[in-house]
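J.: Under numbering that gives the first Met the number 0, read the sequence shown as residues 0 to 89, first letter to last.
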Amino acid sequence: MSRATAAALAAANLAAFLAFGWDKIQAIRSGRRLPETTLCLLAAVGGAAGAWVGVVVFRHKTRKPAFLLELAVATAASFVWLGLARIRAD
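1. Of the residues Asp22, Ala7, Ala10, which one's Cα is nearest the Cα of Phe57?
2. Taking the alpha-carbon positions, what's the Ala11 to Ser77 distance?
3. Excluding the five sequence neighbours on either side, which residues of its own chain have a C-beta within less than 7 angstroms of the C-beta of Ala42, listed in chain order?
4. Can the beta-carbon of Val54 be found less than 7 angstroms from the beta-carbon of Lys60?
5. Going straight from the alpha carbon of Ala6 to that of Arg85, what length do you get?
6. Rounded to the nearest angstrom, what separates Phe19 and Arg2 at their Cα positions?
7. Tell me whether Ala65 is buried or exposed, calling it buried when 16 or more other Cβ atoms sit within 10 Å of its Cβ.
8. How long is the line joining the alpha carbons of Arg28 and Pro34, rounded to whole angstroms?
9. Does the beta-carbon of Ala88 have 16 or more other beta-carbons within 10 angstroms, so that it is buried, or is it exposed?
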């Protein structure tokens, strides 16, 4: 994996983790929330690990099975995307 790819994945995971934290804070404060689509998209573009860590650490969206299923699908999409990127790099 190239340094650029590793940096992009690290950034995507950090962004996903922080997004889950921000959304949890906003949920507690009854503030403006991030759409679930945004959270799943961050996972799909390479931030799946950060998203799942955010779910666990912030205990956020754990009681929403439909969302967790969407996040699992986004995670699978992320793996496909990473696999295709690896095949293309070879």
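Don't be surprised by glycine CBs; every beta carbon is placed ideally from N, CA and C.
T.: Quick answer:
1. Asp22
2. 11 angstroms
3. Ala15, Ala50, Leu70, Ala73, Thr74, Ser77
4. yes
5. 15 angstroms
6. 26 angstroms
7. exposed
8. 16 angstroms
9. exposed
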